[in-house]
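In what follows, a structure is listed as structure tokens, so that the remarks can point back to it.
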Amino acid sequence: MKRHLTTIQLSTAAAAGAVALCCACGPQRAAEEIAVIPQPARIVEGEGTIRWVADSVRTAIDTSLRNPEAYRLTVADGRMEVVGGGDAGIFYGLQTLEQLKDSAGYVPAVTIEDAPRFPWRGAHLDVSRHFFPKDFIKRYIDILAYHKLNTFHWHLTDGIGWRLAIDRYPLLARKAAWRKVKDPLAPWIGLELSDESRRDSTDTYGGYYTEADIREIVDYARARHITVIPEIEMPGHSEAATFAYPQFACPTAKPGSGIYCPGNDSTFLFLQEIIDRVVELFPDSPYIHIGGDEVGKEQWSGCPLCQARKQAEGLKDEHELQSYFVHRMEKYINGKGKRMIGYDEILEGGLAPNATVMSWTGFEGGVRAANAGHDAVMVPLDYVYFDHYQSQNPCEPQGWGGYNGVPRVYAFDPLRPEVAADKRHHILGGQANIWTENIRTPEHVEYMLLPRLAALSEALWTDTTAKDWLRFERKLDRQYDRYAARGWHYAESAFTPYIAEQHFNDDGALVIRLATEVALHPIRYTLDGSMPTAEAPVYADSIVITEPSTLTAVTFRRGKPAGCVLSSPRLLNPATGAKVTYAYPYHSAYTGGGDSALVDNRYAFKRGDDPAWQGFEGTNLDVTLDLGSVWRLEGVWMRFLQHIGSTSVMLPTRLKVWTSADGKRYTEAADVAVEQDSTSEVIIRPLEIRFGQAAEARFVRIEATNRGILPEGHPRAGSPAWIFADEIAVY
Ligand code: ACM
Ligand code: ZN
Numbered sequence: 051m052k053r054h055l056t057t058i059q060l061s062t063a064a065a066a067g068a069v070a071l072c073c074a075c076g077p078q079r080a081a082e083e084i085a086v087i088p089q090p091a092r093i094v095e096g097e098g099t100i101r102w103v104a105d106s107v108r109t110a111i112d113t114s115l116r117n118p119e120a121y122r123l124t125v126a127d128g129r130m131e132v133v134g135g136g137d138a139g140i141f142y143g144l145q146t147l148e149q150l151k152d153s154a155g156y157v158p159a160v161t162i163e164d165a166p167r168f169p170w171r172g173a174h175l176d177v178s179r180h181f182f183p184k185d186f187i188k189r190y191i192d193i194l195a196y197h198k199l200n201t202f203h204w205h206l207t208d209g210i211g212w213r214l215a216i217d218r219y220p221l222l223a224r225k226a227a228w229r230k231v232k233d234p235l236a237p238w239i240g241l242e243l244s245d246e247s248r249r250d251s252t253d254t255y256g257g258y259y260t261e262a263d264i265r266e267i268v269d270y271a272r273a274r275h276i277t278v279i280p281e282i283e284m285p286g287h288s289e290a291a292t293f294a295y296p297q298f299a300c301p302t303a304k305p306g307s308g309i310y311c312p313g314n315d316s317t318f319l320f321l322q323e324i325i326d327r328v329v330e331l332f333p334d335s336p337y338i339h340i341g342g343d344e345v346g347k348e349q350w351s352g353c354p355l356c357q358a359r360k361q362a363e364g365l366k367d368e369h370e371l372q373s374y375f376v377h378r379m380e381k382y383i384n385g386k387g388k389r390m391i392g393y394d395e396i397l398e399g400g401l402a403p404n405a406t407v408m409s410w411t412g413f414e415g416g417v418r419a420a421n422a423g424h425d426a427v428m429v430p431l432d433y434v435y436f437d438h439y440q441s442q443n444p445c446e447p448q449g450w451g452g453y454n455g456v457p458r459v460y461a462f463d464p465l466r467p468e469v470a471a472d473k474r475h476h477i478l479g480g481q482a483n484i485w486t487e488n489i490r491t492p493e494h495v496e497y498m499l500l501p502r503l504a505a506l507s508e509a510l511w512t513d514t515t516a517k518d519w520l521r522f523e524r525k526l527d528r529q530y531d532r533y534a535a536r537g538w539h540y541a542e543s544a545f546t547p548y549i550a551e552q553h554f555n556d557d558g559a560l561v562i563r564l565a566t567e568v569a570l571h572p573i574r575y576t577l578d579g580s581m582p583t584a585e586a587p588v589y590a591d592s593i594v595i596t597e598p599s600t601l602t603a604v605t606f607r608r609g610k611p612a613g614c615v616l617s618s619p620r621l622l623n624p625a626t627g628a629k630v631t632y633a634y635p636y637h638s639a640y641t642g643g644g645d646s647a648l649v650d651n652r653y654a655f656k657r658g659d660d661p662a663w664q665g666f667e668g669t670n671l672d673v674t675l676d677l678g679s680v681w682r683l684e685g686v687w688m689r690f691l692q693h694i695g696s697t698s699v700m701l702p703t704r705l706k707v708w709t710s711a712d713g714k715r716y717t718e719a720a721d722v723a724v725e726q727d728s729t730s731e732v733i734i735r736p737l738e739i740r741f742g743q744a745a746e747a748r749f750v751r752i753e754a755t756n757r758g759i760l761p762e763g764h765p766r767a768g769s770p771a772w773i774f775a776d777e778i779a780v781y
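The following block contains the structure:
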């Protein structure tokens, strides 16, 4: 239903500010929900609509609103007016108006009074692990502003690359560590980078911002009421810097060790010079972020300068040495009129006197800081790390850590009950963090950002009493269209079906319940392995599977598939529910759920921490299935996980299969080498082994050969490889 049936266009001679008048007497406009994200504090709907044409909005500042980010928006009686507590409030009122406008430019009559819950509403971006060009940074800022965020935390330096050009230290940005570590696994894998990946490496690992670039971006952000918080990591995560200038690392450390030496005064002089430049380049930021996270302190233990410093300063351990480092930098930063912020590890060994804590490992650091009278920003990885997966479907691009879907982000509340009532003002807010180890392109950043940023914006802007998940879901549907209209890439993962629950009923049928994070649209499915069409059955309460089937399910939004396809192959095959005996036990920490794990029709996801994987440490997987009766079998199908990047889980090297009708005499049915894959990414490898000839069998023995001791160059060299399997089907 169109909203603007009741409007009359006025001439351009209309009073300044309003050029269209809504007629109050016509039929009521269609009761389309006001879908503003983040949800405003108070909405009073009027009747009718007004056409928005350029320059038709009257704006004013009213300091009695007290919060400069607050605004009052009035669309009524032929006028559109935004009154802000400050310029930022006007900006946010206009953002709201932008969302109220329909595709033909009509805005419903409405009065909105609005103000943010938290003063720190941010998003971070790691431009070290992969570099993102200036124009994309501007686009990123546009996206933040559209969601009424006011803080861009720019992670400018880290292990791989230092991205801020500093005249005095030209090697920082040019001789960055990425040249050394383009692919840390390449030597072990014996892999020559292909021309394509080499080009990719050079394009996205290399790069830096000139001082002019920085000024341009800071100005751009300012115009959108966004403060850019620069981060210069110290004392750890500094491989790029210590590779270029090894004199600032411990003399006992290897080049590129990545940790500054707090025993050496010249380290501090160097970092102070960097801070001087950063203070000049980021005049708007009240903060300098110094990182401070994940500092492995072993190098300090073996360094004579560090040990001398400890002695001279009466420091009892390396935590106190870290604290000395951070305090000393804070003093310098405070002397420049700036506040210091760092990750929660800066609490170790005693918090610097004026420091603000960015709490990433959980809420605890932020709570402790706030209760001790320090400001804190909450960025707990389990809620707002946007490098985590958006769904458990294997379609998701390689992520990091856990699974933070849209509902998880929406549930984020920076203010914890453990914070004392008189300390709550110290919780400044929160932000999303996007680490880019696995994110190489701007499109991928946007995919990780949207629509989770919509959920985050509501979590940070809107009072908890005004949050409403069901309404948010409906609004999100409109938000996708807004993203599409702007050409922004976004994830439809929230539509991807997943198996919420499954069990075998008393008749031996498999009962499956599906769900989606955002449940606005029908899921359609097939059981024959074909892709569901717009005519396929719509999922209702459950699916009851009584014969061998492959379940394929996908959400249809406006008649088209949205999100990824759920595929659950070979359900109820002859191996389902078979008795499994193990020649070598599975590991007690990776049982997959026990003896039935390989034949329970419950498929593990593309992450090693999915408890459905069954793990074998250093041994073969060698199992015999008793199918209960004799079947005519043509092959075996199973799936393995591999994740070289950060685990010892490797594909097996061979698969052998024997069959037997009686459980005594076994005949070899197949013996194949498994093609190896050297990627550092997580992969699930399904393997289908067709027998040379069909076998009459009740018993099937499968042996998957373990890779053995991991060789030199593997991140876990010298330790035994694991096999992770799930699941086994026969056919
Ligand atoms: C962090 O994620 N290491 C702050
Ligand atoms: Zn040292």
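For the sequence shown, this note's numbering assigns the number 51 to the initial residue and increments by one for each residue that follows. For each residue, glycine too, the CB sits at the ideal point set by N, CA and C. On a predicted model such as this, the values are computed, not experimentally measured, just so you know.
Residue i beta carbon near the ligand ZN (any heavy atom closer than 7 Å)
i: W350; result: yes
i: L616; result: no
i: G136; result: no
i: L355; result: yes
i: Y445; result: Strictly speaking, residue 445 in this sequence is Cys, with Tyr absent from that position. No, the beta carbon of C445 sits no closer than 7 Å to any heavy atom of the ligand ZN.
i: N651; result: no
i: G286; result: no
i: N314; result: yes
Exposure label - residue i; buried when at least 16 CB within 10 Å
i: H54; result: Unreliable positioning characterises H54 in this predicted model, as indicated by a pLDDT of 32, which lies under 50. A coordinate reading is not provided.
i: M581; result: exposed
i: H197; result: buried
i: D776; result: buried
i: K52; result: Here K52 scores only 30 on pLDDT, less than 50, and its place in the model should not be relied on; the value that follows carries that caveat. The residue is exposed, with fewer than 16 neighbouring Cβ atoms inside 10 Å.
i: T113; result: exposed
i: Q349; result: buried
i: K610; result: exposed
i: V588; result: exposed
i: C353; result: buried
i: T207; result: buried
i: A771; result: buried
i: D727; result: exposed
i: N623; result: buried
i: L520; result: exposed
i: R715; result: exposed
i: E283; result: buried
i: R475; result: This sequence places His at residue 475; Arg is not what is there. Classification of H475: exposed, given that the 10 Å Cβ count is below 16.
request  = Could you name each continuous alpha helix (DSSP H) segment of 4 residues or more that falls completely within the segment 111-154, going from the start of the chain to the end?
outcome  = 137-150
inquiry  = Taking 6 Å as the limit, name every residue whose beta carbon sits nearer than that to some heavy atom of the ligand ACM, in sequence order.
reply    = D343, E344, Y393, W410
inquiry  = Just to confirm the assignment: which complete alpha helix (DSSP H) runs, minimum length 4, are found wholly within the segment 276-344?
reply    = 289-294, 315-331
inquiry  = Closer than 8 Å is the cut-off here; do at least three beta carbon pairs connect the segment 421-432 with the segment 450-464?
reply    = yes
key: Runs of alpha helix (DSSP H) lying entirely within the segment 179-221, each at least 4 residues, in chain order   = 184-196
inquiry  = I'd like the ranges of any beta strand (DSSP E) spanning at least 3 consecutive residues and lying wholly in the segment 498-577.
reply    = 548-554, 560-565, 573-576
key: Cβ contact check for the segment 303-313 and the segment 256-269: 3 or more pairs under 8 Å   = no
message = With a threshold of 8 Å, are at least 3 pairs of Cβ atoms found where one atom belongs to the segment 698-714 and the other to the segment 751-760?
response = yes
ask   = How about the segment 287-298 and the segment 208-217: do they share at least three Cβ pairs that are nearer than 8 Å?
value = yes
task = Give, in chain order, every unbroken run of the beta strand (DSSP E) that is at least 3 residues long and sits entirely within the segment 339-394.
result = 389-393
query = Which whole runs of the beta strand (DSSP E) in the segment 424-461 are 3 residues long or more, in chain order?
reply = 426-428
ask   = Going along the chain, which unbroken runs of the beta strand (DSSP E) with 3 or more residues stay wholly within the segment 587-615?
value = 593-595, 599-607
key: Meets three-Cβ-pair contact criterion under 8 Å: the segment 161-180 and the segment 485-499   = yes
task = Evaluate the contact criterion for the segment 464-479 versus the segment 674-681: three or more CB pairs, one atom per stretch, below 8 Å.
result = no
inquiry  = Contact between the segment 87-97 and the segment 157-167 is defined here as three or more beta-carbon pairs at a separation below 8 Å; is this criterion met?
reply    = yes
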